[in-house]
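Peer 1:
Residue numbers (the working numbering): 1 to 712.
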């Protein structure tokens, strides 16, 4: 087992309950009662913060009284056998909620002496709440580092968490903590997202796209806000000035957009809580039966003060809440109209600051560099299209390997970088096309004079043709504005479905087999063969099944005549694998009597460096060598992926023709892997490697169908 597999097992042990020596979820750390009380408090607190300013303190204290006992109990269990890796990770996940992170952010702003609405509503105990909140990031970080880097911290740490690297740890934290709300990379598509997460990924991507359009629509308003903040910035050191200038860009954008469109805050909070609650709920479902302990009962009763405060709020400010809910559709309609038309602008600088803005009039001097700007714009957009192409190609055609998926660990960083770059390109394209269709731009210099002269000399018919052309390229503008963010999300599942249906129809493949890994002990892993036969379509011929022996190291791939519709029996009837010694024996039918079998081949295989086979014919002692093209083929978090070819005589490094090649797993059915076959019949050189691949696919099927907190 290589180091990458060990590290993946460490992360899997943290996120998959009931496996990797994780027992039932410890109810005092992450039981149903504890998780439910945390969810209730985290939902009630934003409501109280928005409308019930006097009742915020009680809810904040209750939140801290939930978080700190869990974190202290988890920290106290380090170097003991009380908690598992999943228990410890779940403790961090259940306490690091969006509202807890907001509490830390508010405490940090209050510590720096900046305006903060949360701490302004606290009447007493500000100092204690501030420092307790500021200590939370250190607790989260300390326990997170201990979980992954300490080989003895928790019950199953010695088995899975050894040799952790900072790069893999950082990647895991980024995916689980920051990108989890999107969760659209890799195997997810819109249907999978709707089924598994209720459409959270699609809503999050759409919200990011709408936010980008609002930034462009409010570009002059944001510039006014930046000028206003710059004029009121006190004298600081050079480093502080640089920091605040950089920080003011997202801060001013946030202030203008959320003030003009309050419904965006509602969507952002909903997405963050939605993602967090889904993860917590997945963890809680692993605990089937347990008795309510004293700690869990106390946890449930901690929700009483926030619920009473919410009931009081509903009684006193019922009309305000109803009015707010009634205005949400109107605000949404105003925002949608401004999104499409650019008017009416809901931003009022005077209402926000009590004075008129000092707008800077900017001139766009494109008389000399306009061609360079257009070339750069088209170049960067083409680069994004190139990224998306390789993302879709490598995701739907994993073999032969490309720089995107070779090595395998490069796939996820490439996916994250592609989505990030695509989002930036969306910003640029939205700005370019908005300026183009608004028509409120002016060019100076020789090029501007030439363009103005051209407009005056055009006839009425020519102007109408230009307007028609401007209308006709709206679809192109729309695709360029949203393509970088949504095309990968939509194109990858379509490409994977196409390759699942058509990949094995190309040369030199004569057949295909679907390897179905068993998802539970009551099922058998099967290999179903398809050949063209007399028709142009692939027909199902026969099935093989994996039958385990009394010892786990002995596995047998057996032809199953009961489920095989074709009257033709395959040449190979069974292959017995000894996985501990990596040897096999194949039995074939006797030509005189199809019901009788005899030993026809035997040999060994090895996984060192490459997956390779040595197959010796039992009759004439001829030897066939097979070897994969790439070293990587078996992964703990993905289906086996390989191209197997004939190897040169006497085990040389020269590779010949293709024997088989894995394609893709079926979309939303990760336990089914399609493999393309070069031979028109199920001979020994085809069936023997398929058994080893099927055993690997069986392991992955058990991995990918397990419930987990994150889809990593």
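The beta carbon of each residue, even a glycine, is placed where N, CA and C say it ideally should be.
Where does residue 493 sit, in a helix, a strand or coil, going by DSSP?
Peer 2: In the chain shown, counting from the first residue as 1, residue 493 sits at position 493. Helix at residue 493.
Peer 1: According to DSSP, is residue 630 part of a helix, a strand, or is it coil?
Peer 2: Position 630 of the chain shown, counted from the start, is the residue given in the question as residue 630. It is coil, neither helix nor strand.
Peer 1: For residue 20, which residues from the same chain have a beta carbon less than 7 angstroms from its beta carbon, with the 5 sequence-adjacent residues on both sides left out?
Peer 2: Position 20 of the chain shown, counting from 1, holds the residue named residue 20. Excluding sequence neighbours, residue 20 sits near 9, 12, 13, 156, 160.
Peer 1: Can you tell which of 663, 167, 531, 681 has its C-alpha closest to the C-alpha of residue 413?
Peer 2: Residue numbering aside, residue 413 sits at position 413 when the chain shown is read from its first letter. Ranking the options by Cα distance to residue 413, first place goes to 167.
Peer 1: Closest to residue 573 by C-alpha separation, out of 583, 91, 560, 150, would be which residue?
Peer 2: In the chain shown, counting from the first residue as 1, residue 573 sits at position 573. Measuring from the Cα of residue 573, the nearest candidate turns out to be 560.
Peer 1: Give me the residue from 469, 467, 148, 486 with the minimum Cα distance to residue 418.
Peer 2: Residue mapping note: residue 418 aligns to position 418 of the chain shown, counting from 1. Minimum Cα distance to residue 418 is reached at 486.
Peer 1: To the nearest angstrom, how far is the alpha carbon of residue 341 from that of residue 214?
Peer 2: In the chain shown, counting from the first residue as 1, residue 341 sits at position 341. In the chain shown, counting from the first residue as 1, residue 214 sits at position 214. Cα to Cα, residue 341 sits roughly 11 angstroms from residue 214.
Peer 1: Excluding the five sequence neighbours on either side, which residues of its own chain have a C-beta within less than 6 angstroms of the C-beta of residue 679, listed in chain order?
Peer 2: Here residue 679 refers to the residue found at position 679 of the chain shown. Result list for residue 679: 686, in chain order.
Peer 1: What is the C-beta distance between residue 264 and residue 423, in whole angstroms, given that I count them as a contact (C-beta under 8 angstroms)?
Peer 2: Along the chain shown, read from residue 1 onward, the residue named residue 264 stands at position 264. Along the chain shown, read from residue 1 onward, the residue named residue 423 stands at position 423. That belief does not hold up - the Cβ atoms of residue 264 and residue 423 are roughly 16 angstroms apart, past 8 angstroms.
Peer 1: Determine the burial state of residue 562: buried for a count of at least 16 other Cβ atoms within 10 Å of its Cβ, exposed for fewer.
Peer 2: Translated into the one-based positions of the chain shown, residue 562 becomes position 562. Classification of residue 562: exposed, given that the 10 Å Cβ count is below 16.
Peer 1: Kindly list the residues whose CB is nearer than 8 angstroms to the CB of residue 58, restricted to its own chain and excluding five residues on each side of it in sequence; keep chain order.
Peer 2: Stepping through the chain shown from its first residue, residue 58 is reached at position 58. 305, 306, 309, listed in sequence order.
Peer 1: Going by Cα to Cα distance, which pick from 81, 144, 664, 216 is closest to residue 438?
Peer 2: The sequence position of residue 438 within the chain shown is 438, counting from 1. Among 81, 144, 664, 216, the Cα nearest to that of residue 438 belongs to 216.
Peer 1: Just mark residue 470 as buried or exposed, buried being the case when its beta carbon has 16 or more other beta carbons within 10 Å.
Peer 2: Position 470 of the chain shown holds residue 470. Flag for residue 470 reads exposed.
Peer 1: Among 70, 101, 105, whose alpha-carbon lies nearest the alpha-carbon of residue 91?
Peer 2: For this step, residue 91 is matched to residue 91 along the chain shown. Cα-wise, what sits closest to residue 91 is 70.
Peer 1: Please classify residue 621 as buried or exposed, where buried requires at least 16 neighbouring CB atoms within 10 angstroms.
Peer 2: Looking up residue 621 in the chain shown gives position 621. Exposed, since its Cβ has fewer than 16 Cβ neighbours within 10 Å.
Peer 1: Residue 222: which of 243, 257, 244 sits nearest, CA to CA?
Peer 2: The residue labelled residue 222 in the question sits at position 222 within the chain shown. Nearest C-alpha to residue 222: 257.
Peer 1: On the premise that residue 129 lies in contact with residue 40, defined as a C-beta separation below 8 angstroms, what is that separation, rounded to the nearest angstrom?
Peer 2: Translated into positions along the chain shown, residue 40 becomes position 40. Translated into positions along the chain shown, residue 129 becomes position 129. So it is not a contact: roughly 20 angstroms between Cβ atoms.
Peer 1: Enumerated in chain order, which unbroken segments of the alpha helix (DSSP H) with a length of 4 residues or greater are wholly contained in the stretch 258 to 321?
Peer 2: Correct list: 263 to 284, 294 to 301, 304 to 316.
Peer 1: Under the three-state reduction of DSSP, which class applies to residue 706: helix, strand or coil?
Peer 2: Reading the chain shown from its first residue, position 706 is the one you call residue 706. In the structure shown, residue 706 sits in coil (DSSP, three-state: anything other than H, G, I, E or B).
Peer 1: Could you check the C-alpha separation between residue 204 and residue 484 for me, to the nearest Å?
Peer 2: Numbered from its first residue, the chain shown carries residue 204 at position 204. Numbered from its first residue, the chain shown carries residue 484 at position 484. Spanning the two alpha carbons is a distance of roughly 15 angstroms.
Peer 1: Tell me which same chain residues have a C-beta within less than 7 angstroms of the C-beta of residue 81, skipping the five on either side of it?
Peer 2: Within the chain shown, numbered from 1, the residue matching residue 81 stands at position 81. Contacts found: 155.
Peer 1: Can you find the residues in the same chain that come closer than 7 angstroms, C-beta to C-beta, to residue 381, ignoring five residues on each side of it along the sequence?
Peer 2: If you number the chain shown from 1, residue 381 lands on position 381. Here the set comprises 425, 429, 480.
Peer 1: Output the boundary residues of the alpha helix (DSSP H) element that contains residue 173.
Peer 2: Here residue 173 corresponds to residue number 173 of the chain shown, with the count starting at 1. Start and end: 166 to 173.
Peer 1: Provide the residue(s) that pair with residue 666 in DSSP beta bridges, ordered along the chain.
Peer 2: Along the chain shown, one-based indexing puts residue 666 at 666. Bridge partners of residue 666: 669.
Peer 1: Ends of the beta strand (DSSP E) at residue 508?
Peer 2: As a first step, residue 508 is located in the chain shown; it is residue number 508 there, counting from the start. Where residue 508 is concerned, there is no enclosing beta strand (DSSP E), given that its DSSP letter is neither H nor E.
Peer 1: Buried or exposed: where does residue 624 fall if 16 or more other Cβ atoms within 10 Å of its Cβ makes it buried?
Peer 2: Start at 1 with the first residue of the chain shown, and residue 624 comes out as number 624. Buried, since its Cβ has 16 or more Cβ neighbours within 10 Å.
Peer 1: Rounded to whole angstroms, what's the CA-CA distance from residue 713 to residue 260? Just pull it up for me.
Peer 2: Because the chain in this structure spans residues 1 to 712, residue 713 falls outside the shown range and cannot be described.
Peer 1: In chain order, what are the residue ranges of uninterrupted alpha helix (DSSP H) at least 4 long that sit wholly in the stretch 559 to 647?
Peer 2: Whole alpha helix (DSSP H) segments, 4+ residues: zero.
Peer 1: State buried or exposed for residue 696, treating a residue as buried only when at least 16 other CB atoms are found within 10 Å of its CB.
Peer 2: For the purposes of this step, residue 696 is taken as residue 696 along the chain shown, with counting starting at 1. So residue 696 ends up on the buried side.
Peer 1: With a Cβ-Cβ cutoff of 9 angstroms, do residue 632 and residue 400 count as a contact?
Peer 2: Along the chain shown, one-based indexing puts residue 632 at 632. Along the chain shown, one-based indexing puts residue 400 at 400. No, Cβ-Cβ distance for residue 632 and residue 400 is not below 9 angstroms.
Peer 1: Take the Cβ of residue 288 as the centre, count every other Cβ of all protein chains shown within 10 Å, and call the residue buried at 16 or more, exposed below.
Peer 2: Taking the first residue of the chain shown as position 1, residue 288 is located at position 288. Caution applies to residue 288, whose pLDDT of 49 falls short of 50 and renders its modelled position unreliable; the model cannot decide the point.
Peer 1: Let me know the secondary structure DSSP gives residue 57 once reduced to three states.
Peer 2: Your numbering for residue 57 matches position 57 in the chain shown. In the structure shown, residue 57 sits in a helix (DSSP, three-state: H, G or I).
Peer 1: My understanding is that residue 564 touches residue 541, with C-beta atoms under 8 angstroms, so please give their C-beta distance in whole angstroms.
Peer 2: In the chain shown, counting from the first residue as 1, residue 564 sits at position 564. In the chain shown, counting from the first residue as 1, residue 541 sits at position 541. With 8 angstroms as the limit, residue 564 and residue 541 qualify as a contact, their Cβ atoms being about 7 angstroms apart.
Peer 1: Compute the Euclidean distance between the alpha carbons of residue 140 and residue 513, then round it to the nearest angstrom.
Peer 2: For the purposes of this step, residue 140 is identified with residue 140 of the chain shown, where counting begins at 1. For the purposes of this step, residue 513 is identified with residue 513 of the chain shown, where counting begins at 1. C-alpha separation (whole angstroms): 47 angstroms.
Peer 1: On the DSSP bridge assignment, give the partners of residue 540 in chain order.
Peer 2: Counting from 1 along the chain shown, the entry for residue 540 is found at position 540. Paired residue(s): 530.
Peer 1: Output the boundary residues of the alpha helix (DSSP H) element that contains residue 90.
Peer 2: Numbered from 1 along the chain shown, position 90 holds the residue referred to as residue 90. Element bounds for residue 90: 85 to 95.
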